[in-house]
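Trainee:
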Amino acid sequence: MNNLLNTIKNHKFLSFGSFLIIIFIVIYFINLVSPSSLITKKTVPVIPTESTSPQLAPPNALTKQNLLFNWGDVNIDIPPIVKKISITKPLINEDIINFLSKTLGFSSDDLLKSTKKNNRTWQNSEGSLFTSINQNQIIYSSKGNTPLKTSNITKDEAVDISKSILSNFFGENILQTLDSNSQVRFLQYNPENYNPTAVSDPKTAEYIEVSYKQSLASYPLSSLNGNTNLISVVIDNQKKLYRLEISGGYIEFSSQEEQPLIDLKSLKSTTFENVLKISSLPNVSLESLYLDATDINIKVNQGYFGYFITSTNEIIPVVYISGTVTAKNIPPQSVIYAISVAK
Amino acid sequence: MAKIDYPKAIKSLEFSYAILPKKTDDLSKNDLKTLGEACSLYLKYYESFVGGPVDPRIEDAYSFHKFIIDTEIENLVNKFKEAEEAEKESKQEKPREQEASIPPELESLVAEYRQNQALLESEEYKNNPQKSVALQVKIAIAHSKIRALALANRERRMAKGEKFQDLDNVLVALGSPKSESVTAALSASYAAVHEVAALDENYTNLSPEIKQKIVDQAVELHMVSITNIDVAIQSAALLIDTSELSETERSKLSALSSHFVHSVYDEVNSETKQAASFENRIMENEVVILKLTSESKKLKGEALQEIRLQINTLSENNHQLATELNNLPQKFDTFIKNEVQTSDYQKFEHDNQTRFEKALEKDLSLIDLPDRIKLANKKISDLHNNLEKNGVNPHIYTPMDDAKLLEDAIRHDMPGVLLPHSGYEAEYAAALVNHPKTQDPNLSPLTILLFGKELTPVVFTKVLQFASAKENSGTALGKLFQTRKDIFETTGTQIRKISQSPLGKEILKTTGGLGKVFKSTSKFFGKISDVLGKAGAVFRVVSNPWGAFKSWLGRKIGKIVVNKIINSAAGKIAIQAGKKLAGELLKKGIGKAIVSIATKLGIKAAVALGLSSTVVGAPVALILVVIDVAVGVLKLGSKAVQRVATSIYGEKINARDIVAVPIAGIATATATVVGGVIAFFGALGTATVAAAGSAVAITVTGIIIGIFFYITSIVMAPLISTLVQLESTPLTSYIPFGCAAWPTAGKYILNQGPLGVSTHFTNKLQAVDILANENSGFLAAAPGQVIFSAPLGSYGNAVIVSATAGVGTIQMLYAHMNSVEVSVGQHVEAGDTIGSVGGTGGWTPHIHFEYRGGVEYNSCPAGDIPVPEGCFNNCIYNNQIIVTNTTTP
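Right, here's the structure in full:
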């Protein structure tokens, strides 16, 4: 007991005891500081909000890049009055998605679960259909037939087939909205190289791709899809739909008040917030180089006014310019950019 | 989720189906009511039952009528019908489950399978077929012993009136409900064993009865993870009882096993005998040492010197025996590696292959035999998964399952020898190895607890001496020694192991100051509680609430930590790590073992787990943790304070615990003071009572100790728990490969490597391409923040994550996705789904997984699988890479 009493009387022990009490008070104080939090059992999850204001470039890590324009003698016609436009019925909507899924032969059993709302994927032994309201995207991919060795499908026939497919899916009115300049590519898919290779002789084509822009208030409408086309229909050389890719688009729209525009000619350089590279580079390796470049020079060869549709169906007046880009370590590349002209 | 009335729900939906063709204007009130009910069911259950997203436009009866697709109703109805059926079935099965216990041999079967599978799939054996085959023979021998122990356990429990379900019935009901019988449930195994056995003439020459025995035994071995059917058959041939066979039959049977399997079998048996002999000799020596030590106290001079010499000799002898015992596993390894064994193994492989090839020449259908064996392995895996899922608790039976008998006998015959409680560290360690996935027959939680109650080798020898003495044959210990010597042997071996290990030192760490007072009080009350017999258990808690509290705390934290560890990683990795825990505990002690295992599993701040395990025991360290936590909490800021507070007062520490803890503190204070006074009187006599035992001093002491305990217990218990929970947040729920996880699940071709000649060379691209199926999951390979999520030129839909991988921060780029499931700024964990595989950017669907910022892919290859630079179209493993996702992200 002596030991015990000595221990208690010991200076260190007393200091130690005092220290203990201080700590207890500190913790008690912490409890007082945030009393409501103490009884809260559930924390509110922080969900990143997506921007709702129209933006040309998606929020990303690439905005450090500078784009330097060399306009040369290029003159771009910009209409004197441009109206603000709203999409009242987007091309990619719930009704279309449900209809497409059924028309393409998918049942509810084929529907895969997605973790993100409004992304849906159907998959069966015949192919898969991915639809996304968030991304404003539809991708149908058929398992496909084995292509015939030779093809007898002509360019015009391919366009007709693709239009017939589109009108079946979206109604005949869609054809009225398509830009008259469809693009046709004769392709061979070589799985070893991943990407389709364009062939010059249509007879050797395994697949034929027909791509469309839409026309909006008489001006071309594009989205961020790797090229300036919104809709891509790929048929095989047995005339069956092989792949369908749609990025944005509209069925109905409305015009509103006038949209003030910037003076494009005075634009010597800009950061990537106002500019989007629309076209893809030939391979991912070049894309990677491009991603790393901080200063990109572009010699503009030509340009035209048009509209750009974002994933949230915002319409932004833009100028599409095509030209040659150069940057450190990148061999000259032909690219297409969309530059926002909205003030 | 509330219980669903399926018939009613189905009726509602079916009625609504009939209303759908009506026009909106024609809908009656009743129609709207029906549609409303159906709508409510659809909104509530469609996603969870059917799996598809709910149509966001549907909100009420009208929108339900307008937008619902008839197939959606049909799907929901079908799912409800299935659920109703399943519910009926489970109701029918339940009474049978409740009637009787699961047979111990089935529990051990599942546990053995898990343990063996983990071992066989560890790097050590996976890459060494010779060692793996040897291990499988060892497993076969071990299985026969474990099964015998499980059956003995069953017998003992049956003798006490416990009932058990029929093994075959329960195996089918819980493991393979669709099968009609055990034979049907194991049909793939039976077929594989039959087919492989039939290749061997030595088998075909045997009598039908022996053949059947071999097949049955081999199937049982297959069930405990002996996936090499040749080994299963050859081991079975060695394991079946030959006592009633003729010499000719015996020799035919013997010829079935290869030389390699024979020699491994002999070696394992010989080493087991050696181990038993070593243990026995150690025990005998210890009894003699104890006797001599006791005698030496009465001796002086030369006689004393002589007896000391004898003790030293015996001690040295024991040391040598213990070393040899510990070296046995290494000896087995050396045996397997020797030239004779290698040559025998090669012959074993060659003979198996030749038999197969010869048979294949006659019967082409055998070409698929390897696939049928794989199928049989898969079926066994499914069976075990089902058994575990349906309530079979895996447990490997050892004599230590009955160690409580030993403890009771010691308390009865030798009161006061054991401490009343095991203490914090022992409870902590025991809880760690008490989880089904961390069980190890070589380190029983019960032994750890006994050791924590100070059943040290010396004490154990005293117990042994008492139990083996002829004059004590009628005592509880004596009777137990005669009937259950195996408990003594196993306890002795394990206690020796623990005492020589860092774990043992942690458990029995010396305490000074107040700790000594607590201990003497504890022993004093411990003796009383032992004498009290059955009532002693209650007295142990009442008389020593502080000890009971510390034990409770250790047990609680141990459980939390082991659950965190096991749940932090998926499937096999967790099992493998779990299996190593017991070994690591012995080698490194609690703290370092947890750090080691947690690090293997990629658990964040494993050090904190270790810290909490080692610091809590001593009161001073408790305070240090309070300071650390308090300062840490202040540094972490308000959000962290909230998290800590939520954890402290949240579900993990319930109200009862909070009340129980201060009561324990106050009760302890009183008990300690009273106990201290009693101990004081006992120890010092009356001469110094007046000086030290004043009422004031005792009261002051009581108050101070009371405050001390109150603070430490009320503040510390939840804080330690919080610390553990906060710091052990799993880093990943996906297979945590060393540096980065594989970015998808399934079996796919890896088609292009870093600097691949197709599309990855221009920029020396540090990327791989995996030809995964379109729309399969694209999974984050490492945790981090999404810094880009949008279409990106020929990358198509791409996501860039600033990720923390094994080599530091890497920008990981995932490309060509169809769907993108993450947004900029979002945090992802390894294994999170970030999108689905596609071909956006103008490619055929594949996964493009790239490291940016100059980080070489092979410096941190996904899944720890380096990919040859420049490879294209023929990258690794014959163009195939197999990655199995064992989680459900």
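Chains as they are written, first to last, in our numbering: chain U, 1 to 343; chain V, 1 to 889.
Idealized CB from N, CA, C, for every residue including glycine.
Computed from a predicted structure; not experimentally measured.
Please report the straight-line C-alpha distance between glutamate 489 (chain V) and lysine 497 (chain V), rounded to a whole angstrom.
Mentor: The sequence position of residue 489 (chain V) within the second sequence is 489, counting from 1. The sequence position of residue 497 (chain V) within the second sequence is 497, counting from 1. Going from the Cα of glutamate 489 (chain V) to the Cα of lysine 497 (chain V) covers about 12 Å.
Trainee: Helix, strand or coil for asparagine 119 (chain U)? Go by DSSP, reduced to three states.
Mentor: Residue 119 (chain U) sits at position 119 when you count from the first residue of the first sequence. Residue state, collapsed to three classes: strand.
Trainee: What number of angstroms, rounded off, separates the C-alpha of alanine 148 (chain V) from the C-alpha of glutamate 105 (chain V)?
Mentor: Position 148 of the second sequence holds residue 148 (chain V). Position 105 of the second sequence holds residue 105 (chain V). Between alanine 148 (chain V) and glutamate 105 (chain V), the C-alpha separation is close to 8 Å.
Trainee: Name the chain U residues whose beta carbon is nearer than 9 Å to that of leucine 366 (chain V)?
Mentor: Within the second sequence, residue 366 (chain V) is the residue found at index 366, counting from 1. Residues of chain U passing the Cβ test: none, with the nearest at roughly 31 Å.
Trainee: Rounded to whole angstroms, what is the Cα-Cα separation between glutamate 943 (chain V) and valine 172 (chain V)?
Mentor: No information on residue 943 (chain V) is available, as it lies outside the stretch 1 to 889 that chain V covers here.
Trainee: Along chain V, in chain order, which residues have C-beta atoms closer than 7 Å to that of lysine 277 (chain U)?
Mentor: For the purposes of this step, residue 277 (chain U) is taken as the residue at position 277 of the first sequence. Here the neighbours are Gly793.
Trainee: Runs of 4 residues minimum, wholly inside the stretch 162–230 of chain U: which ones carry the alpha helix (DSSP H) assignment?
Mentor: DSSP runs (the alpha helix (DSSP H)) wholly in the stretch 162–230 of chain U: 173–177.
Trainee: Return the residues of the stretch 287–301 of chain U that lie within a Cβ-Cβ distance of less than 9 Å from chain V, sorted by chain order.
Mentor: Answer in chain order: Glu287, Ser288, Leu289, Tyr290, Leu291 and Asp292.
Trainee: Quick check on the DSSP output: the alpha helix (DSSP H) that includes serine 132 (chain V) runs from which residue to which?
Mentor: Residue numbering aside, residue 132 (chain V) sits at position 132 when the second sequence is read from its first letter. Where serine 132 (chain V) is concerned, the enclosing alpha helix (DSSP H) stretches over 129–159.
Trainee: Quick check: the Cα distance between leucine 35 (chain V) and cysteine 739 (chain V), rounded to an integer number of angstroms?
Mentor: Indexing the second sequence from 1 puts residue 35 (chain V) at position 35. Indexing the second sequence from 1 puts residue 739 (chain V) at position 739. Taking the straight line from one Cα to the other gives about 54 Å.
Trainee: Taking serine 789 (chain V) and valine 828 (chain V) to be in contact with their CB atoms under 8 Å, please state how far apart those CB atoms are, rounded to whole angstroms.
Mentor: Within the second sequence, numbered from 1, the residue matching residue 789 (chain V) stands at position 789. Within the second sequence, numbered from 1, the residue matching residue 828 (chain V) stands at position 828. Contact flag wrong, Cβ pair sits at about 11 Å.
Trainee: Apart from the five residues just before and just after tyrosine 795 (chain V), which ones in its own chain have a Cβ nearer than 6 Å to its Cβ?
Mentor: Against the second sequence, residue 795 (chain V) aligns to sequence position 795. Ala815 and Gly841, listed in sequence order.
Trainee: Using 9 Å as the threshold, is the C-beta distance between isoleucine 231 (chain U) and glutamate 245 (chain U) below it?
Mentor: The sequence position of residue 231 (chain U) within the first sequence is 231, counting from 1. The sequence position of residue 245 (chain U) within the first sequence is 245, counting from 1. In contact: isoleucine 231 (chain U) and glutamate 245 (chain U) (Cβ atoms closer than 9 Å).
Trainee: Can you name, in chain order, every residue of its own chain whose Cβ lies under 6 Å from the Cβ of alanine 61 (chain V), other than the five neighbours on each side?
Mentor: Here the question's residue 61 (chain V) lines up with position 61 in the second sequence. So the list reads Leu32, Leu35, Gly36 and Cys39, once near-sequence residues are dropped.
Trainee: Tell me where the alpha helix (DSSP H) around tyrosine 857 (chain V) begins and ends.
Mentor: Taking the second sequence and counting its residues from 1, the one referred to as residue 857 (chain V) is at position 857. First-last for tyrosine 857 (chain V): undefined, no H or E at that position.
Trainee: Label glutamine 320 (chain V) either buried or exposed according to how many other C-beta atoms from any shown protein chain fall within 10 Å of its C-beta, with 16 as the threshold for buried.
Mentor: Counting from one through the second sequence, the residue named residue 320 (chain V) turns up at place 320. Its Cβ having fewer than 16 others within 10 Å, glutamine 320 (chain V) is exposed.
Trainee: Going by the CB atoms, is the gap between tyrosine 113 (chain V) and valine 224 (chain V) shorter than 9 Å?
Mentor: Here residue 224 (chain V) refers to the residue found at position 224 of the second sequence. Here residue 113 (chain V) refers to the residue found at position 113 of the second sequence. Yes, they are a contact pair.
Trainee: Who are the neighbours of threonine 326 (chain U) on chain V, taking C-beta pairs under 8 Å?
Mentor: Here residue 326 (chain U) corresponds to residue number 326 of the first sequence, with the count starting at 1. Those do not exist, as threonine 326 (chain U) stays about 16 Å from chain V at its closest Cβ, beyond 8 Å.
Trainee: Using a 10 Å radius around the Cβ and a threshold of 16 neighbouring Cβ atoms, would you call leucine 148 (chain U) buried or exposed?
Mentor: Mapped onto the first sequence, residue 148 (chain U) falls at position 148. Exposed.
Trainee: Per DSSP, what are the beta-bridge partners of glycine 835 (chain V) in this structure?
Mentor: Against the second sequence, residue 835 (chain V) aligns to sequence position 835. DSSP lists V:Phe778 and V:Val820 as partners of glycine 835 (chain V).
Trainee: To the nearest angstrom, report how far apart alanine 185 (chain V) and alanine 772 (chain V) are at their CA atoms.
Mentor: Position 185 of the second sequence, counting from 1, holds the residue named residue 185 (chain V). Position 772 of the second sequence, counting from 1, holds the residue named residue 772 (chain V). Alanine 185 (chain V) and alanine 772 (chain V): Cα-Cα distance of roughly 34 Å.
Trainee: Taking Cβ positions only, does threonine 146 (chain U) come closer than 9 Å to chain A?
Mentor: Structure shown: chain A not included; protein chains present are U and V.
Trainee: Using only the alpha-carbon positions, how far apart do lysine 579 (chain V) and proline 441 (chain V) sit?
Mentor: Residue numbering aside, residue 579 (chain V) sits at position 579 when the second sequence is read from its first letter. Residue numbering aside, residue 441 (chain V) sits at position 441 when the second sequence is read from its first letter. The alpha-carbon atoms of lysine 579 (chain V) and proline 441 (chain V) are separated by roughly 10 Å.
Trainee: Give a yes or no on contact between the stretch 148–168 of chain U and the stretch 251–259 of chain U, applying the rule of three or more CB pairs nearer than 8 Å.
Mentor: Taking 8 Å as the limit for Cβ pairs, the verdict is that the stretch 251–259 of chain U does not touch the stretch 148–168 of chain U.
Trainee: On the CB-based measure, 16 or more other CB atoms within 10 Å of its CB, does threonine 103 (chain U) come out buried or exposed?
Mentor: In the first sequence, counting from the first residue as 1, residue 103 (chain U) sits at position 103. Threonine 103 (chain U) is exposed by the Cβ-count criterion.
Trainee: Who are the neighbours of valine 74 (chain U) on chain V, taking C-beta pairs under 9 Å?
Mentor: By one-based count along the first sequence, residue 74 (chain U) stands at place 74. Neighbours of valine 74 (chain U) on chain V: none; closest Cβ ~23 Å, over 9 Å.
Trainee: Quick check on DSSP: helix, strand or coil for lysine 277 (chain U)?
Mentor: Position 277 of the first sequence, counted from the first residue, corresponds to residue 277 (chain U). Here lysine 277 (chain U) sits in strand by DSSP.
Trainee: What does the alpha-carbon distance come out to for the pair asparagine 75 (chain V) and proline 177 (chain V)?
Mentor: Position 75 of the second sequence holds residue 75 (chain V). Position 177 of the second sequence holds residue 177 (chain V). Rounded to whole angstroms, asparagine 75 (chain V) to proline 177 (chain V) spans 25 Å at the Cα level.
Trainee: From which residue to which residue does the alpha helix (DSSP H) around aspartate 295 (chain U) run?
Mentor: Looking up residue 295 (chain U) in the first sequence gives position 295. Per DSSP, aspartate 295 (chain U) belongs to no alpha helix (DSSP H); it is in the beta strand (DSSP E), 295–309.
Trainee: Would you kindly work out how many angstroms separate the C-alpha atoms of phenylalanine 268 (chain U) and valine 184 (chain U), rounded to a whole number?
Mentor: The residue labelled residue 268 (chain U) in the question sits at position 268 within the first sequence. The residue labelled residue 184 (chain U) in the question sits at position 184 within the first sequence. For the sequence presented, residue 268 (chain U) should be read as lysine rather than phenylalanine. Roughly 35 Å separates the two Cα atoms.
Trainee: Please report how far the alpha carbon of glutamate 850 (chain V) lies from the alpha carbon of methionine 817 (chain V), in whole angstroms.
Mentor: On the second sequence, position 850 is the one that residue 850 (chain V) refers to. On the second sequence, position 817 is the one that residue 817 (chain V) refers to. The alpha-carbon atoms of glutamate 850 (chain V) and methionine 817 (chain V) are separated by roughly 13 Å.
Trainee: Under a three-way DSSP split, which group does threonine 204 (chain V) fall into?
Mentor: Start at 1 with the first residue of the second sequence, and residue 204 (chain V) comes out as number 204. It is helical.
Trainee: Using the Cβ count rule (16 or more neighbours within 10 Å means buried), how would you classify leucine 175 (chain U)?
Mentor: Within the first sequence, residue 175 (chain U) is the residue found at index 175, counting from 1. Under this definition leucine 175 (chain U) is an exposed residue.
Trainee: Going by the beta-carbon positions, is the gap between tyrosine 194 (chain U) and histidine 262 (chain V) smaller than 9 Å?
Mentor: The residue given as residue 194 (chain U) occupies position 194 in the first sequence. The residue given as residue 262 (chain V) occupies position 262 in the second sequence. Contact flag unset, no.
Trainee: I'd like to know if glutamate 284 (chain V) contacts chain U, where contact means its C-beta is closer than 9 Å to some C-beta of that chain.
Mentor: Counted from its first residue, the second sequence places residue 284 (chain V) at position 284. No, glutamate 284 (chain V) lies away from the interface with chain U (no Cβ there is under 9 Å from its Cβ).
Trainee: Does any residue of chain V have a CB that is nearer than 9 Å to the CB of asparagine 283 (chain U)?
Mentor: Here residue 283 (chain U) refers to the residue found at position 283 of the first sequence. Judged by the 9 Å Cβ criterion, asparagine 283 (chain U) is in contact with chain V.
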